[in-house]
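J.:
2 protein chains.
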Amino acid sequence: MISIVLLGTGNVAKHLFDAFLGVDEINMLQVIGRNEGHLAHFKDKVPTGTDFTQIADADIYMIAVSDDAIALVAPYLKEKEGIVVHTSGSVTLKSLGQLNNRGVFYPLQTFSEGKTIDFKKVPICLEAEHKGDMHLLRKLAGLITLEVHEITSDQRKSLHLAAVFVNNFTNYLFTIGHDICTEHNLPFSMLNPLIKETVNKLDYLAPFDAQTGPAKRNDVKTMESHLNLLKNKNNQDIYSLLSKLIGEKYGQKL
Amino acid sequence: MISIVLLGTGNVAKHLFDAFLGVDEINMLQVIGRNEGHLAHFKDKVPTGTDFTQIADADIYMIAVSDDAIALVAPYLKEKEGIVVHTSGSVTLKSLGQLNNRGVFYPLQTFSEGKTIDFKKVPICLEAEHKGDMHLLRKLAGLITLEVHEITSDQRKSLHLAAVFVNNFTNYLFTIGHDICTEHNLPFSMLNPLIKETVNKLDYLAPFDAQTGPAKRNDVKTMESHLNLLKNKNNQDIYSLLSKLIGEKYGQKL
Numbered sequence: 001m002i003s004i005v006l007l008g009t010g011n012v013a014k015h016l017f018d019a020f021l022g023v024d025e026i027n028m029l030q031v032i033g034r035n036e037g038h039l040a041h042f043k044d045k046v047p048t049g050t051d052f053t054q055i056a057d058a059d060i061y062m063i064a065v066s067d068d069a070i071a072l073v074a075p076y077l078k079e080k081e082g083i084v085v086h087t088s089g090s091v092t093l094k095s096l097g098q099l100n101n102r103g104v105f106y107p108l109q110t111f112s113e114g115k116t117i118d119f120k121k122v123p124i125c126l127e128a129e130h131k132g133d134m135h136l137l138r139k140l141a142g143l144i145t146l147e148v149h150e151i152t153s154d155q156r157k158s159l160h161l162a163a164v165f166v167n168n169f170t171n172y173l174f175t176i177g178h179d180i181c182t183e184h185n186l187p188f189s190m191l192n193p194l195i196k197e198t199v200n201k202l203d204y205l206a207p208f209d210a211q212t213g214p215a216k217r218n219d220v221k222t223m224e225s226h227l228n229l230l231k232n233k234n235n236q237d238i239y240s241l242l243s244k245l246i247g248e249k250y251g252q253k254l
Numbered sequence: 255m256i257s258i259v260l261l262g263t264g265n266v267a268k269h270l271f272d273a274f275l276g277v278d279e280i281n282m283l284q285v286i287g288r289n290e291g292h293l294a295h296f297k298d299k300v301p302t303g304t305d306f307t308q309i310a311d312a313d314i315y316m317i318a319v320s321d322d323a324i325a326l327v328a329p330y331l332k333e334k335e336g337i338v339v340h341t342s343g344s345v346t347l348k349s350l351g352q353l354n355n356r357g358v359f360y361p362l363q364t365f366s367e368g369k370t371i372d373f374k375k376v377p378i379c380l381e382a383e384h385k386g387d388m389h390l391l392r393k394l395a396g397l398i399t400l401e402v403h404e405i406t407s408d409q410r411k412s413l414h415l416a417a418v419f420v421n422n423f424t425n426y427l428f429t430i431g432h433d434i435c436t437e438h439n440l441p442f443s444m445l446n447p448l449i450k451e452t453v454n455k456l457d458y459l460a461p462f463d464a465q466t467g468p469a470k471r472n473d474v475k476t477m478e479s480h481l482n483l484l485k486n487k488n489n490q491d492i493y494s495l496l497s498k499l500i501g502e503k504y505g506q507k508l
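Residue numbers (this note's numbering), protein chains in the order written: chain A, 1 to 254; chain B, 255 to 508.
In C-alpha cells:
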C-alpha cells in the first residue's frame, strides 16, 4: 500500500487523483489546495484542506500546482520523510529546494476539464535524487500506466519542448484551419478525417517520410495562390515561414 | 450501374480505384496511365492502357493526375459525352478546358502508398458545371462515403488551404518534435498519446478553446528557456513566430 498526499487542485491534480483512486494498492490520504471551491472535486472521496501546515504523513507527496507555485509549496514539506515530487515538464528537480527526497512524476499528456484520460498509455517520466526512491516511484507509476520512463531533467525539458511543438503549436494550426473554414462557410468537421489520418500515419511512418503538400513539391503556383487567398497577415507569415522551412528541409535531400 | 474510366495511376487514383472496385453498382471499365509500371496495381482487375487516344466510353471520366497534368489529359476527352471530373483540391473547374460536362470529385484526405483508407468517412467535395450532372456525381460519391458535399471552386480552394495548415504544416511540427527527441535520446513514440489526445479533443472542443501551453499563459520564463534549448535557427524562428501569434490571439481576448 502506497500512501499519497496530493497538493494542488488543477487539471493535472484532478486527473492523477482520479487515476490513483481506482487502484487498491494506493491509499489517497489527503488533498490540500488553497482554493476551497476547487477542492469540491475531491471532497466526498478523501479528506481535504486548505492549510498547507496541516499535511498528513505519507509515502509520497505529489505537488501538482502551477510551475511558479512549486517553489512556494515545497518548503511546507521540509520536515517530512516521504518522497516529494512535482509533476511539471519544465521545472528542475532543484526548484523543490533543500528537501531530502526530491523527485519528479511527470505525466506527458494534455489534460482538459471534464475529459477522462486513459492513463494506461500515458508516459510517466520519473526522476529521483536518491536511487532508492526510484523503486517506489516506479511502483506507483506502474499501477496506473504501462509506460514508465526514467529520464533526466534535461531530457524532460526537451520532451516538454517537443510537446509544445506537437501539441500547442499543432493546435494553433487547427485554429487557423477552423478560421479559414468559418470564413468560407465550411464546417471545420470536414477536416476531421484528414487530421485523424495525419496522426494515424505516425503509427507506421516517421513524420519526415509522411510529409506531403505544395511546399515539399516546391509547387510555387499553389503556394502563391494560397498566399493570395490568406487575408490575415499573421497567417501569411506562418504560411511563408513553414513553407520555406519545409522546402529547405526537403530541398537539401534531393 | 455507373461506368467509370480512371485516368492516372498515383496515390489518389489507386485509393479511389480500390474504393470503387468493391461496389456492385460501379463498373470500373478501364484505367489509363502513361507509366506502364504504375499500371501494375490495376492490371489484373480491369483493362489498362498507356494510350490516351484509346479511352473507352463511360458515364464518368475521372482525371486523377498531378495538378499540372490535368490540363494535358482533359483534351483527350473532348469528344466524349460522359461527365469529366478531376480530383484536385486546388485546380479550378476551368482548367479542364472547353469540355461540355466538367466537374470536380475531390476526396479531402491524405493518401499514402500501401495504407488503406476507410472511405466511408472521407468527405467527397463535388462541383459540376451542369446541375444535371450533379445527380450522377452525388450518386457515385454516395456509394463510397457518407460525407458528400457540394461546394464551389472558391470553397474548395479554401478547404485545400486549410488542409495545408492542419495536415502538411502539422506534420512538419511533428518532424521537429521527432528531431528534438532524437537529439536527446528519447523515443518519439513517447509523444504519441499526447498527439492523439490533442486531436481527439477536436471531437468536443473547438481548437480555440483547447489551446494550452506557455505562449497562451504568457509564461515568458518557459519560452525563453525553450528558445535557449533550441540550437536550430529555423526551429527558433518557428517557436518565436507561433508563440507571438498565440500570445496575440489570446492577449486580445483578455
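A virtual CB, placed ideally from N, CA and C, is assigned to each residue, including glycine.
Note that the structure is predicted; figures quoted are calculated from it, not measured.
Whose C-alpha, out of Thr-466(B), Ile-492(B) and Pro-447(B), is nearest the C-alpha of Asp-203(A)?
T.: Among Thr-466(B), Ile-492(B) and Pro-447(B), the Cα nearest to that of Asp-203(A) is on Pro-447(B).
J.: Taking only beta-carbon positions, decide if Gly-10(A) is within less than 7 Å of chain B.
T.: no
J.: Okay, do the region 316-336 of chain B and the region 226-237 of chain A touch, 3+ Cβ pairs below 8 Å being the bar?
T.: no
J.: Rounded to whole angstroms, what is the Cα-Cα separation between Lys-25(A) and Asp-59(A)?
T.: In the sequence as displayed, the identity of residue 25(A) is Glu instead of Lys. Cα to Cα, the separation comes out at about 13 Å.
J.: What residue range does the beta strand (DSSP E) around Arg-34(A) cover?
T.: Here Arg-34(A) belongs to no beta strand (DSSP E), and DSSP marks it neither H nor E.
J.: Is the region 277-293 of chain B touching the region 352-361 of chain B in the sense that three or more CB pairs, one from each, lie closer than 8 Å?
T.: no
J.: How should Gln-308(B) be labelled, buried or exposed, when 16 other C-beta atoms within 10 angstroms of its C-beta is the threshold for buried?
T.: exposed
J.: Rounded C-beta distance between Leu-427(B) and Thr-170(A)? I'm assuming under 8 Å.
T.: 5 Å
J.: Measuring alpha carbon to alpha carbon, tell me which of Gly-142(A), Thr-198(A) and Glu-127(A) ends up nearest Leu-93(A).
T.: Glu-127(A)
J.: For Glu-381(B), which of helix, strand or coil comes out of DSSP?
T.: strand
J.: Quick one, are the C-beta atoms of Gln-409(B) and Leu-191(A) less than 7 Å apart?
T.: no
J.: Measure from the C-beta of Gln-490(B) to each C-beta in chain A and report whether the shortest distance is under 7 Å.
T.: no
J.: Go through its chain and collect everything with a Cβ distance to Asn-421(B)'s Cβ below 8 Å, but skip five positions before and after it.
T.: A distance below 8 Å between beta-carbons, with the five flanking residues on each side excluded, links Asn-421(B) to the following residues of its chain, in chain order: Thr-364.
J.: Thinking C-alpha only, which one of Phe-373(B), Glu-335(B) and Leu-499(B) is nearest Arg-471(B)?
T.: Leu-499(B)
J.: To which residues of the same chain is Phe-373(B) closer than 6 Å at the C-beta, ignoring the five residues directly before and after it?
T.: Ala-273, Ile-398 and Thr-399
J.: Since Ala-464(B) meets chain A, which of its residues come closer than 9 Å, beta carbon to beta carbon?
T.: Thr-110, Ser-112, Asn-171, Phe-174 and Thr-175
J.: Give, in chain order, every residue of the region 57-69 of chain A whose Cβ lies closer than 9 Å to some Cβ of chain B.
T.: Going along the region 57-69 of chain A in chain order, one finds Ser-66, Asp-67 and Asp-68 with a Cβ nearer than 9 Å to chain B.
J.: Run through chain B and tell me which residues come within less than 7 Å of Ala-206(A), C-beta to C-beta.
T.: His-432
J.: State the DSSP-derived secondary structure class of Tyr-315(B), mapped to helix, strand or coil.
T.: strand
J.: Could you pull out every residue in the same chain whose Cβ sits closer than 6 Å to the Cβ of Leu-254(A), ignoring the five residues on either side in sequence?
T.: In this predicted model, Leu-254(A) has a pLDDT of only 45, less than 50, meaning its place in the structure is not dependable; the value taken from the coordinates is given anyway. Answer for Leu-254(A): no residue qualifies.
J.: Write down the C-beta distance between Ala-13(A) and Leu-6(A) rounded to the nearest angstrom, noting that I regard them as a contact closer than 8 Å.
T.: 6 Å
J.: Mind listing the chain B neighbours of Gln-54(A)? Cutoff is C-beta to C-beta under 7 Å, in chain order.
T.: What Gln-54(A) touches in chain B: nothing, since even the nearest Cβ is about 30 Å away.
J.: In whole angstroms, what is the alpha-carbon distance linking Leu-137(A) and Leu-459(B)?
T.: So the alpha carbons of these two residues sit roughly 34 Å apart.
J.: First and last residue of the beta strand (DSSP E) that includes Phe-20(A)?
T.: No beta strand (DSSP E) holds Phe-20(A); the alpha helix (DSSP H) holding it covers 11-21.
J.: At which residues does the beta strand (DSSP E) containing Leu-6(A) begin and terminate?
T.: 2-7
J.: For Tyr-493(B), count neighbouring C-beta atoms within 10 Å of its own C-beta (all shown protein chains included) and say buried if the count is 16 or more, exposed if not.
T.: buried
J.: Would the beta-carbon of Ser-344(B) fall within 7 Å of that of Thr-222(A)?
T.: yes
J.: Please check if any C-beta of chain A sits within less than 7 Å of the C-beta of Glu-451(B).
T.: yes
J.: Spatial neighbours of Ser-366(B) within its chain, please: CB distance less than 8 Å, with the 5 preceding and 5 following residues excluded, ordered by chain position.
T.: Asn-265
J.: Assign Glu-248(A) to one of two classes, buried (16 or more other C-beta atoms within 10 Å of its C-beta) or exposed (fewer than that).
T.: exposed
J.: Once the 5 residues before and after Gly-431(B) are set aside, which same chain residues still bring their CB inside 6 Å of it?
T.: Leu-445
J.: For Ile-337(B), which beta-bridge partners are listed by DSSP?
T.: Ile-314(B)
J.: Check whether the Cβ of Leu-254(A) lies closer than 7 Å to any Cβ atom in chain B.
T.: Note that Leu-254(A) scores a pLDDT of 45, beneath 50, so its modelled location is shaky and nothing firm can be said.
J.: Bridge partners for Val-104(A) per DSSP, in chain order?
T.: DSSP, once it has assigned bridges, lists His-86(A) and Glu-127(A) as partnering Val-104(A).
J.: By the DSSP assignment, the beta strand (DSSP E) with Val-453(B) in it spans what residues?
T.: Note, Val-453(B): premise wrong, no beta strand (DSSP E); alpha helix (DSSP H) at 446-454.
J.: Using CA coordinates, which residue listed in Leu-159(A), Ala-141(A) and Ser-153(A) is at the minimum distance from Val-23(A)?
T.: Ala-141(A)
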